[in-house]
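*Asks:* The sequence shown begins at 10 in this note's numbering and counts up one residue at a time. A virtual CB, placed ideally from N, CA and C, is assigned to each residue, including glycine. All figures in this text were calculated on a predicted structure; none of them were measured in a lab.
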Amino acid sequence: MAATTQRLDLRLVWLATGAWLAALWLLPSSLEVSAIALVIGTIFSAAALWVLSKQEGILSWFSPLWSPLAMALAGATVLAGATTLHHQDLNSSPLVGHINEEKTVRLKIELLEDPQPITMKTAFASESATPAVPAVGTSPDSEQDPRSTANAWLTDIRIEQFTNDGKWFSANATATLTLTPEMMRSFGSSSPLSGMKFEVLAKLGPAEPGRRSIAWVRAVTKPLPLAAEESSAFGQWVRHTRDTLSQQAQQLPGDGPALLPGMVMGDRSGQSDELEQAMKDAGLAHLTAVSGANCSLILGFIGLLLRSLGLSRWLVILGCLLGLVCFVLIVFPEPSVVRAAVMGSIAALAVFAGRQRQALTTLSLSITLLLVIDPFYAYEPAFQLSVSATAGIILIGRPLSSLLSHLFPEWFSQALALALSSQIACLPVLTLLAPQFSTWSTFANIVVSPLIPFITILGTAALLIGTVIPLISLPLVWIAGLLSAVVGWIGRWFAGLPYAVLEWPSGAPGALVAWMVAAFLLVGLWNFKRPLVRFVLITAACAALLASLVPLSKFVPVSPGEWNIAMCDVGQGDGFVIRASNGSDPSANANANEVIVVDTGPDPLLMDECLKSLDVTQIHTLFVTHLHADHAGGVSGAVEGRKVGSIYYSSSEDPASSNAPESLGGHDVPVTQLHEGQHGRIGGISWTVLSADSNASNENDASLVVKFVINGWSFLTTGDIESDAMDALIDRSPDSALEAEILKISHHGARNGGTRIMEAASPQLALISVGLDNDYGHPAPTTTDRLSELGIPAARTDQHGLVLITITDSERLNYRAIPTRTRIE
10 MAATTQRLDL RLVWLATGAW LAALWLLPSS LEVSAIALVI GTIFSAAALW
60 VLSKQEGILS WFSPLWSPLA MALAGATVLA GATTLHHQDL NSSPLVGHIN
110 EEKTVRLKIE LLEDPQPITM KTAFASESAT PAVPAVGTSP DSEQDPRSTA
160 NAWLTDIRIE QFTNDGKWFS ANATATLTLT PEMMRSFGSS SPLSGMKFEV
210 LAKLGPAEPG RRSIAWVRAV TKPLPLAAEE SSAFGQWVRH TRDTLSQQAQ
260 QLPGDGPALL PGMVMGDRSG QSDELEQAMK DAGLAHLTAV SGANCSLILG
310 FIGLLLRSLG LSRWLVILGC LLGLVCFVLI VFPEPSVVRA AVMGSIAALA
360 VFAGRQRQAL TTLSLSITLL LVIDPFYAYE PAFQLSVSAT AGIILIGRPL
410 SSLLSHLFPE WFSQALALAL SSQIACLPVL TLLAPQFSTW STFANIVVSP
460 LIPFITILGT AALLIGTVIP LISLPLVWIA GLLSAVVGWI GRWFAGLPYA
510 VLEWPSGAPG ALVAWMVAAF LLVGLWNFKR PLVRFVLITA ACAALLASLV
560 PLSKFVPVSP GEWNIAMCDV GQGDGFVIRA SNGSDPSANA NANEVIVVDT
610 GPDPLLMDEC LKSLDVTQIH TLFVTHLHAD HAGGVSGAVE GRKVGSIYYS
660 SSEDPASSNA PESLGGHDVP VTQLHEGQHG RIGGISWTVL SADSNASNEN
710 DASLVVKFVI NGWSFLTTGD IESDAMDALI DRSPDSALEA EILKISHHGA
760 RNGGTRIMEA ASPQLALISV GLDNDYGHPA PTTTDRLSEL GIPAARTDQH
810 GLVLITITDS ERLNYRAIPT RTRIE
C-alpha cells in the first residue's frame, strides 16, 4: 500500500527554533545584552501578534510568514528572559569579587557528579598547562589506575558556603572543581562520589562565558569529608542503593559487572577503556547513559502495571510521573537525567492523553520547556543528539519503513527504519564530536534492541529492592546482568568487524557534507508525491556518504615517495621519523635499519599508522624527549611488530625511583637515559645532545634538545622545553651551535616555548606538531606571528597532515604534505 504524506504541524517547531537560537546567542553574552534582547523581543512579539490579528491589506500578502515569525519571536523572547535571570544570578553572587580576583578561600561544597579523569589546560590565567605524566610504553588497553595517568580530575559542584574574614557566608552557586591526581590517590578506595559534601581550601578562577558554572575551583588542599550529620540522609540512602547494585553486579560474568550499572543508572565507572572504546565503535555507547529511552521504558512498565489495576487514565499519568521522579532521584538528577525525564514525561502525557499523532509538536514543546528550565542544554551534545534522533524517527521513520518493506519482512524493516532514521538525523552532530563513522552501528542496535527493555526494567527493579529484599533482587540482577554481558559481547563483536570505524572529513568540510547528507535524506524520504525528486536526493546523499567514507586512496594506496624527515600527524603531540636515504635509491631497503624515531605522540594507533604509511619496519633508535603522554604515550605503537635497537630518553624523574626504564623497556629493548654532551652516529646521521637536564624543576625542561645532521643538513628537535630553560641554553651555547636548517618548534608552539630560539637557529623551515582544534590553543599567536616576522615558513600537522621533507644535493629544502584526518584532541 502506498504511503501518503502527512501534514506536519510546524507551529511549535518555530517556537523551539527561536528559543534554541536565542540560547546559543545570549548565554555567552552579558546581562545587558540579554535584557535588551528581552525588551526588543517583547516589542516585536507584540507587533507580530497584532499583525496576525489584522491580516488585512498588504499584510495579508505575507500571511504564511507571520505565524512562524511570531512563534520564533515568542520562543526567543522567553529564552531571553531565562538567560537574563541566569546572568542576574551570576552577577549577584557574593562570590563574584573573589572569583574575579582569583582568591584562595575555604569552601563547603557538594559534588553534583562523580569526578572524571581528564587531560586539560589550567583555568587560571596566571598558570601554565602541564600535560599528563603517565607511565609510558603502555597500551590504551592496559588496566592502569586512571588516578595515576590523568592530568586532573573534574566534577561539577554546588558551593554552599564560603569564608570571608573568618566568617562563613551562604553562596549556593554551581562551579567546576579540579583535583590533582595526588589528591585522588590520597582518597584510596574511598573516592569522592556524587552527593558527598566536603570542606576544601581552593583557588577560584572565572569560568568561560556560556558555561553553567560560575567559576573554576582548583583544590589547594585535599578536600575533607564533612561530618556524617552534615551530609544529606537521602543522598546517603541513594548512594547505598546504587552501591548495593554495583556490588551485586560484581558476581556477573563477562562485561556484566561493568555494563549493568551503566545501563540501569548511568554509572560507567567500572568500564575499562577497552570496553568503552568497543561500545563506541559499535555505536552502543549511548546504552550506558540514562536516556529518554530508559525513562520511556520505566514509564511504560509503570503505566501497564497501573492500568492493569483498573485505574483511570489521569491517575495512571500521575503514578507514572511520580515513579519517574523516584527513578531520577535514585540515578541522581544530573542535567542529562533531568533532560531525559522531561522528554519522556511529555511523551507519556501525549500518549496517554491520546495525542500521540502530534509527535513533532510534543518534541518541540519538550525542547522549549527544557531550554527554559536550563538554557545550557542548547550547548550540550547529549541534548542535541536526543533531539536529532527523535526528530529523525518522527520525520522519516514511517516512510523509510515503507520503503524498506519492499526488501525485508515488516518486523525487520520497522526495526531497521528506527535505527537508520535516528542515525541519519544524528550524523551532523556525531561527526562534529568525532570525525568518524560507525559502520555497523545500525545493525548492532537492531541486534541488542530486544534485550534493552528486560535489562532496564529488571535492573531498575533490582536497584529499588536490593537494600530491602536482597534475596529477591539477586535473581533479577543475574537475569539483567547476563543480558548486559550479552550486549557487551555483541558490542565487542561488531567493533572487531572489518571497517567498524571509518574516518570522516574533519572540520568545516566534514560538517557541511554531514548536513548535506542528512538534509537530502530527510527531504528525499519525506517526499512521496515526487518520485524523481526522491530518487535524485537519496542518490546524491548516498554518493556524498560513500565519497566521504571511502576515498580513492582506500583503493589506490598513496606512496609517501622520497623523504628524509617525516613529521607524523599524531594529534596533540610529537612524532618524527628520520632516515639518511631519501628513498630514491631502489636499494634503500638495505639501509632500513638506519631509521630514527623522535617521540611517538599520545596514541599508539596513530603512530603505528604513520610508520606503516612510511614503510618503516625497523627502528635503529627511538628518542623519547621526555615522559609526558603527548610524547611517550604512543611508544607501544612504534615498538610492537618492529625490530627496535635501543631507546634513549630524558626525564626529571629520579631513575632509581622512576618506572620509566621498565615501562619504556617493556618490549625487550635496551633503555638508556641521555645526558648533555652525549653524541653518536647512525649510518649517515649524526646526533648531539645539547640539553637533557635531569635536575630540571619540571618535566618539560628536562626535554632532550638534539641536533641531528642528515647529509649535511641539520635538524634541531626541542621537545617541550620552555622559554627560560631554552634561553639559558642559548646563553651558554657557542656561536652557531644551535643553528639549524630545520627547527622543531618547542611545546607545539605554546607561548611558554619562547621565540628566541627562532633567531638563534635561523632555520629555513619550522615544524609545528599540533592537534587539530586542540583545547590548548596551540600554536599561540605569539609563536606564529614571530615566525611570520622573521620570514620563516612553518609546516603544521593540524593544517597539512603528514609532512615529508626531502634533502637533496641542491641548496633547496623540499617539503610536501600528505593530508591526513587527525582525531580532534
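With the cut-off set at 9 Å, would you say V496 and L268 are in Cβ contact?
*Replies:* As a first step, residue 496 must be located in the sequence shown, where it is residue number 487. As a first step, residue 268 must be located in the sequence shown, where it is residue number 259. Cβ atoms of V496 and L268: closer than 9 Å.
*Asks:* Starting from the Cα of V718, find the closest Cα among D740, I587, S778 and give me that residue.
*Replies:* The count along the sequence shown starts at 1 and reaches residue 718 at position 709. When only C-alpha atoms are compared, the closest one is I587.
*Asks:* Hey, which unbroken runs of the beta strand (DSSP E) at 3 residues or more fall wholly within the region 443-515?
*Replies:* 445-447, 510-512
*Asks:* Distance, Cα to Cα, Q3 vs L293?
*Replies:* There is simply no residue 3 to check, as the chain begins at 10 and stops at 834 in what is shown.
*Asks:* Within the continuous alpha helix (DSSP H) that includes W23, where are the two ends?
*Replies:* In the sequence shown, counting from the first residue as 1, residue 23 sits at position 14. That run of the alpha helix (DSSP H) goes 20-35.
*Asks:* So, is F385 buried or exposed, given that buried needs 16 or more other C-beta atoms within 10 angstroms?
*Replies:* On the sequence shown, residue 385 is found 376 positions in, with the first residue counted as 1. With 16 or more other Cβ atoms inside 10 Å of its own Cβ, F385 counts as buried.
*Asks:* Under 9 Å between the Cβ atoms of S712 and C577?
*Replies:* Within the sequence shown, the letter at position 703 stands for residue 712. Within the sequence shown, the letter at position 568 stands for residue 577. No, Cβ-Cβ distance for S712 and C577 is not below 9 Å.
*Asks:* Can the beta-carbon of Q682 be found closer than 9 Å to that of S660?
*Replies:* Start at 1 with the first residue of the sequence shown, and residue 682 comes out as number 673. Start at 1 with the first residue of the sequence shown, and residue 660 comes out as number 651. Yes, the Cβ-Cβ distance between Q682 and S660 is below 9 Å.
*Asks:* Going by beta-carbon coordinates alone, are A89 and S39 separated by less than 9 Å?
*Replies:* For the purposes of this step, residue 89 is taken as residue 80 along the sequence shown, with counting starting at 1. For the purposes of this step, residue 39 is taken as residue 30 along the sequence shown, with counting starting at 1. In this structure, S39 does not lie closer than 9 Å to A89 by Cβ.
*Asks:* Among the candidates R805, N704, R690, T815, whose CA atom is the shortest distance from the CA of E750?
*Replies:* The residue labelled residue 750 in the question sits at position 741 within the sequence shown. The candidate whose alpha carbon is nearest that of E750 is T815.
*Asks:* What residues are listed by DSSP as bridge partners for M576?
*Replies:* To locate residue 576, count along the sequence shown from 1; it is residue 567. Note: M576 sits in a beta bridge opposite F585, V812.
*Asks:* Measure the alpha-carbon distance for A391 versus L33 and round it to whole angstroms.
*Replies:* Here residue 391 corresponds to residue number 382 of the sequence shown, with the count starting at 1. Here residue 33 corresponds to residue number 24 of the sequence shown, with the count starting at 1. Going from the Cα of A391 to the Cα of L33 covers about 15 Å.
*Asks:* Between T634, G265, E603, which has its C-alpha nearest V625's C-alpha?
*Replies:* Here residue 625 refers to the residue found at position 616 when the sequence shown is read from its first residue. The shortest C-alpha separation from V625 is found at E603.
*Asks:* Within its chain, find whatever has a CB closer than 6 Å to the CB of T253; leave out the 5 residues flanking it on each side and keep chain order.
*Replies:* On the sequence shown, residue 253 is found 244 positions in, with the first residue counted as 1. Result list for T253: G475, T476, in chain order.
*Asks:* Classify T230 as buried or exposed, calling it buried when 16 or more other Cβ atoms lie within 10 Å of its own Cβ.
*Replies:* What you label residue 230 is simply residue 221 of the sequence shown in a count that begins at 1. Label assigned to T230: exposed.
*Asks:* What's the gap between the Cα of L24 and the Cα of T370?
*Replies:* Within the sequence shown, residue 24 is the residue found at index 15, counting from 1. Within the sequence shown, residue 370 is the residue found at index 361, counting from 1. For L24 and T370, the distance between alpha carbons rounds to 10 Å.
*Asks:* Provide the residue span of the beta strand (DSSP E) that contains I605, from first to last.
*Replies:* Here residue 605 refers to the residue found at position 596 when the sequence shown is read from its first residue. Note, I605: beta strand (DSSP E), 605-609.
*Asks:* Considering only the alpha carbon of each residue, which of E419, L21, D165, S422 lies closest to L78?
*Replies:* Counting from one through the sequence shown, the residue named residue 78 turns up at place 69. Minimum Cα distance to L78 is reached at L21.
*Asks:* Let's see if you can read the secondary structure: which residues bound the alpha helix (DSSP H) around Q393?
*Replies:* Looking up residue 393 in the sequence shown gives position 384. Counting along the chain, the alpha helix (DSSP H) containing Q393 begins and ends at 390-413.
*Asks:* Would DSSP call G50 helix, strand or coil?
*Replies:* On the sequence shown, position 41 is the one that residue 50 refers to. It is helical.
*Asks:* Comparing alpha-carbon positions, which option in G721, A434, N109 lies nearest S573?
*Replies:* The count along the sequence shown starts at 1 and reaches residue 573 at position 564. According to the sequence displayed, residue 573 carries Asn and not Ser. Nearest of G721, A434, N109 to N573, Cα basis: G721.
*Asks:* Just mark Y658 as buried or exposed, buried being the case when its beta carbon has 16 or more other beta carbons within 10 Å.
*Replies:* The count along the sequence shown starts at 1 and reaches residue 658 at position 649. Classification of Y658: buried, given that the 10 Å Cβ count is 16 or more.
*Asks:* Near G643, what residues of its chain come up, given a Cβ to Cβ distance below 7 Å and the 5 sequence neighbours on each side ignored?
*Replies:* By 1-based counting over the sequence shown, the position of residue 643 is 634. Only V579, G584, T609, G610, P611, D612, P613, L615, M616 meet the Cβ criterion.
*Asks:* So for F529, helix, strand or coil by DSSP?
*Replies:* The residue you call residue 529 lines up with position 520 of the sequence shown. In the structure shown, F529 sits in a helix (DSSP, three-state: H, G or I).
*Asks:* Leaving out the 5 sequence neighbours to the left and right, which residues in its chain are closer than 7 Å to V526 when beta-carbon positions are compared?
*Replies:* Here residue 526 refers to the residue found at position 517 of the sequence shown. Excluding residues within five positions, the ones whose Cβ falls inside 7 Å are L436, A550, A553, L554.
*Asks:* With 16 other CB atoms within 10 Å as the buried threshold, where does T92 fall?
*Replies:* On the sequence shown, residue 92 is found 83 positions in, with the first residue counted as 1. That one is buried.
*Asks:* Helix, strand or coil for A138, going by three-state DSSP, please let me know.
*Replies:* Numbered from its first residue, the sequence shown carries residue 138 at position 129. Any reading at A138 needs caution, since the residue's pLDDT is 35, under 50, leaving its predicted position unreliable; the model's value is listed next. It is coil, neither helix nor strand.
*Asks:* Out of curiosity, what's the CA-to-CA distance linking V396 and S375?
*Replies:* To locate residue 396, count along the sequence shown from 1; it is residue 387. To locate residue 375, count along the sequence shown from 1; it is residue 366. Approximately 9 Å between the Cα atoms of the pair.
*Asks:* Ignore the nearest five residues each way along the sequence and tell me which others in Y824's own chain have a CB closer than 8 Å to its CB.
*Replies:* Position 815 of the sequence shown, counted from the start, is the residue given in the question as residue 824. Closer than 8 Å at Cβ, skipping near neighbours: L774, A804, V812, L813, I814, T815.
*Asks:* Quick check on DSSP: helix, strand or coil for Q97?
*Replies:* Position 88 of the sequence shown, counted from the start, is the residue given in the question as residue 97. In this structure, Q97 counts as helix in the three-state DSSP scheme.
*Asks:* Quick check on F724: does DSSP put it in helix, strand or coil?
*Replies:* Taking the first residue of the sequence shown as position 1, residue 724 is located at position 715. Strand, per DSSP.
*Asks:* L561 by DSSP, collapsed to three states: which one?
*Replies:* Working through the sequence shown from its first residue, we reach residue 561 at position 552. Note that L561 scores a pLDDT of 44, beneath 50, so its modelled location is shaky; the value from the coordinates is reported in the next line. Residue state for L561 is assigned as helix, using DSSP reduced to three classes.
*Asks:* Quick one: any contact between the region 46-57 and the region 101-115, if contact means 3 or more CB pairs under 8 Å?
*Replies:* no
*Asks:* Pairing CB atoms from the region 507-517 with CB atoms from the region 444-458, are three or more of them under 8 Å?
*Replies:* yes
*Asks:* Do P802 and G758 have their C-beta atoms closer together than 9 Å?
*Replies:* One-based indexing of the sequence shown puts residue 802 at position 793. One-based indexing of the sequence shown puts residue 758 at position 749. It is not a contact, given that the beta carbons lie outside the stated cut-off.
*Asks:* Would A216 and S222 qualify as a contact pair, given that the criterion is a beta-carbon distance under 9 Å?
*Replies:* The count along the sequence shown starts at 1 and reaches residue 216 at position 207. The count along the sequence shown starts at 1 and reaches residue 222 at position 213. Between A216 and S222, the C-beta gap is smaller than 9 Å, which places the two residues in contact.
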